[in-house]
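**Student:** Going by numbering that gives the first Met the number 0, the first residue of the sequence shown is number 0, and it counts up by one from there.
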Amino acid sequence: MRQLRIAKDVIDRDWAEPGTDLDALAARAGYSRYHFIRAFKAAYGETPGRYLTHRRIDRAEDLLRTANLSVTEICHLVGFSSLGTFSARFKTWTGLTPSEYRARHVGRGAALIPGCYAMLWAGGFRTGPGGESRTGTDAPEAGPRTGTGAGERNSGEAP
């Protein structure tokens, strides 16, 4: 049971990572893949994959209610790599599409959090699958500005 709690803690901590892998969780718990699925379901009432999906959908519900982000951005923030899969699983779990859920639940509280804050809070701006975050070590460094500033703003002319 201790190993299952450790694996569940890993899911609870790393639920937003798209690469959360069932084989790695099973190895961490010291079980084969299929024995891990059976033991997890016996202990917690659902499979590890379903538990992970529910964690992600719960977080997506929060973001849809509170953040000014597109459904696609929320899909990727909560760990889904496919918008279609996210929308289908979301509808199965809540009975509404993400857009319908947002339309029904927005406006029942505080104003939406600006998307840039929500993205930063969720771990930075990812460049794509497996890419480094913009807040990571490879983010472009701010150098000294040159010029006067007024004429630099997108004048439409080639340098």
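Note that beta-carbon positions come from the ideal geometry of N, C-alpha and C, so glycine has one too.
#1: Can you tell me the Cα-Cα spacing of Arg-27 and Ala-42, whole angstroms?
#2: Would you tell me roughly how many angstroms separate the C-alpha atoms of Arg-54 and Thr-91, rounded to the nearest one?
#3: So, at 7 angstroms on beta carbons, what are the nonlocal neighbours of Leu-3 in its own chain, with the 5 sequence-adjacent residues on each side left out?
#4: What do you get for Ala-87, buried or exposed, if any count of 16 or more other CB atoms within 10 angstroms of its CB means buried?
#5: Under 8 angstroms between the Cβ atoms of Val-77 and Ala-23?
#6: Run through DSSP, which three-state label would Gly-78 get?
#7: Once DSSP output is grouped into helix, strand and coil, what is the label at Pro-97?
#8: Straight-line CA distance for Ser-80 to Phe-35?
#9: What's the gap between the Cα of Thr-19 and the Cα of Leu-51?
#10: Excluding five sequence neighbours on each side, which residues of the same chain lie with their C-beta closer than 8 angstroms to the C-beta of Leu-21?
#11: Helix, strand or coil: how does DSSP classify Tyr-43 here?
**Tutor:** From the atom records:
#1: Residue numbering aside, residue 27 sits at position 28 when the sequence shown is read from its first letter. Residue numbering aside, residue 42 sits at position 43 when the sequence shown is read from its first letter. When rounded, the distance between both Cα atoms is 17 angstroms.
#2: Counted from its first residue, the sequence shown places residue 54 at position 55. Counted from its first residue, the sequence shown places residue 91 at position 92. For Arg-54 and Thr-91, the distance between alpha carbons rounds to 14 angstroms.
#3: On the sequence shown, position 4 is the one that residue 3 refers to. Taking C-beta separations shorter than 7 angstroms and ignoring five residues to either side along the sequence, the partners of Leu-3 in its chain run Ala-28, Ala-38, Phe-39 and Ala-42, following chain order.
#4: Here residue 87 refers to the residue found at position 88 when the sequence shown is read from its first residue. Looking at its Cβ environment, which holds fewer than 16 other Cβ atoms inside 10 Å, Ala-87 is exposed.
#5: Counting from one through the sequence shown, the residue named residue 77 turns up at place 78. Counting from one through the sequence shown, the residue named residue 23 turns up at place 24. Against a cut-off of 8 angstroms, the Cβ pair of Ala-23 and Val-77 comes out as no contact.
#6: Along the sequence shown, one-based indexing puts residue 78 at 79. Correct three-state label for Gly-78: coil.
#7: Counting from one through the sequence shown, the residue named residue 97 turns up at place 98. In the structure shown, Pro-97 sits in a helix (DSSP, three-state: H, G or I).
#8: What you label residue 80 is simply residue 81 of the sequence shown in a count that begins at 1. What you label residue 35 is simply residue 36 of the sequence shown in a count that begins at 1. Going by the C-alpha atoms only, they are around 24 angstroms apart.
#9: As a position in the sequence shown, residue 19 is number 20, starting the count at 1. As a position in the sequence shown, residue 51 is number 52, starting the count at 1. Roughly 9 angstroms separates the two Cα atoms.
#10: Here residue 21 corresponds to residue number 22 of the sequence shown, with the count starting at 1. Correct list, in chain order: Arg-32, Phe-35, Ile-36, Pro-47 and Gly-48.
#11: To locate residue 43, count along the sequence shown from 1; it is residue 44. The answer is helix: DSSP assigns Tyr-43 an H, G or I state.
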